[in-house]
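S.K.: Below are the structure tokens for one structure; questions will follow.
Residue numbers (our numbering): 116 to 394.
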């Protein structure tokens, strides 16, 4: 055993140097009489191989949470990933994820890096995640982070914490916000409307439909202007199916989401949305 007093500062220093868990760092320093270089070697011998194996494994399970501030002006969604659904469905793991998103909202964080540096009861989130990795024995991490700021933000969690949605709106409309969030969870639109689809997505879709048209034997020998015109028609169909306000409203297929919003309030619009899903 160590004859040197191992302080909390020593343990924290070794954690910062190695990324190892608190208990592992305490034991390493105890076993090596407080020698940091020897402690690092001890950790490498005991844990480096395990850490490398964890790094190669996929973390496709976990918990997705979405939460807004009390005034509904800001929403944050996170994914705390793990390797197995056994861990992802564990009540303690879910509570741990909840403590992280609570801290994110309370501290008004704007990025995952900022969240990792946020403290919960005096410990940084990054260190708490690392400790959880050590105690559970699975690769875990904050793999996704999204934030929406708007006049009103609705949040929604779907499918036992597997999908989280944030919807920014021009006016407060709790019921409509939930309906639209459910639409986004189910239909996974690429953008709010055609004007907000990225240029890269448009070009990719145009290239796909153009190749599909050219591959059709009935289009053999047709002039390029005809092919381009048909391609634009197919692209418009893509916008209708894949942009939020143009999609058929899942709760009433006789109207679009845009129509539904107008029926609630003529000035109600979606300004932005984020969808976070496991995998």
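Every residue, glycine too, gets a C-beta built ideally from N, C-alpha and C.
Source: prediction; values computed, not measured.
Counting pairs of Cβ atoms below 8 Å between the region 174 to 183 and the region 193 to 211, do you hit three or more?
M.R.: yes
S.K.: Going by alpha carbons, who is nearest to residue 379 out of 292, 309, 336, 330?
M.R.: Residue nearest to residue 379 within the set 292, 309, 336, 330 is 292 (criterion: CA-CA distance).
S.K.: Can you name the start and end residues of the alpha helix (DSSP H) that residue 264 belongs to?
M.R.: Element bounds for residue 264: not the alpha helix (DSSP H) but the beta strand (DSSP E), 256 to 264.
S.K.: Does DSSP put residue 165 in a helix, a strand or coil?
M.R.: Unreliable placement is indicated for residue 165, whose pLDDT of 38 sits below 50; the coordinate value is still reported in the next sentence. Of the three classes helix, strand and coil, the one that applies to residue 165 here is helix, per DSSP.
S.K.: Taking Cβ positions, are residue 129 and residue 153 nearer each other than 8 Å?
M.R.: no
S.K.: So, at 8 Å on beta carbons, what are the nonlocal neighbours of residue 300 in its own chain, with the 5 sequence-adjacent residues on each side left out?
M.R.: Cβ within range, chain order: 271, 273, 274, 278, 280, 390.
S.K.: If the criterion is Cβ atoms closer than 8 Å, does the pair residue 384 and residue 284 meet it?
M.R.: yes
S.K.: Bridge partners for residue 375 per DSSP, in chain order?
M.R.: Paired residue(s): none; residue 375 is not in a bridge.
S.K.: Check the C-beta distance from residue 377 over to residue 294 and give it rounded, since I have them as a contact under 8 Å.
M.R.: Not confirmed; about 13 Å, so no contact.
S.K.: Please go through the same chain and pick out, in chain order, the residues whose beta-carbon is closer than 6 Å to the beta-carbon of residue 253, but skip the five residues on each side of it.
M.R.: These residues qualify, in order along the chain: 197, 198, 202.
S.K.: With a 10 Å radius around its C-beta and 16 neighbouring C-beta atoms as the bar for buried, classify residue 262 as buried or exposed.
M.R.: buried
S.K.: Specify, as a first and last residue, the run of the alpha helix (DSSP H) that residue 203 falls within.
M.R.: Judged by DSSP secondary structure, residue 203 falls within the alpha helix (DSSP H) whose first and last residues are 200 to 203.
S.K.: How is residue 293 classed by DSSP in three states: helix, strand or coil?
M.R.: The DSSP-derived three-state label of residue 293 is helix.
S.K.: Residue 284 lies in the beta strand (DSSP E); which residues open and close that run?
M.R.: 278 to 284
S.K.: Since residue 234 sits in a beta bridge, which residues does DSSP pair it with?
M.R.: 239
S.K.: Roughly how far, in whole angstroms, is the beta-carbon of residue 147 from the beta-carbon of residue 121, given that I think they are within contact range, below 8 Å?
M.R.: Rounded, the Cβ-Cβ distance is 10 Å, inconsistent with contact.
S.K.: When burial is assigned at 16 or more other CB atoms within 10 Å of the CB, is residue 307 buried or exposed?
M.R.: Burial call: buried.
S.K.: Grab me the residues of residue 163's own chain with a C-beta within less than 6 Å of its C-beta, minus the 5 sequence neighbours each way, in chain order.
M.R.: At residue 163 the pLDDT is 47, less than 50, meaning the model places this residue with poor confidence; the figure from the coordinates comes in the next sentence. Correct list: empty, nothing qualifies.
S.K.: For the beta strand (DSSP E) containing residue 391, list its first residue and its last residue.
M.R.: 385 to 392
S.K.: Mapping the DSSP letters down to three states, classify residue 252 as helix, strand or coil.
M.R.: coil
S.K.: Taking buried to mean at least 16 other C-beta atoms within 10 Å of its own C-beta, is residue 315 buried or exposed?
M.R.: The residue in question, residue 315, is exposed, as its Cβ has fewer than 16 Cβ neighbours within 10 Å.
S.K.: Any idea what DSSP makes of residue 121, helix, strand or coil?
M.R.: In the structure shown, the three-state DSSP call for residue 121 is coil.
S.K.: According to DSSP, what are the bridge partners of residue 182?
M.R.: According to the DSSP secondary-structure assignment, residue 182 is paired through a beta bridge with 191.
S.K.: Could you give the C-beta distance for residue 245 and residue 134, rounded to a whole number, given that I count them as a contact under 8 Å?
M.R.: 6 Å
S.K.: Do the CB positions of residue 247 and residue 235 come within less than 8 Å of each other?
M.R.: In this structure, residue 235 does not lie closer than 8 Å to residue 247 by Cβ.
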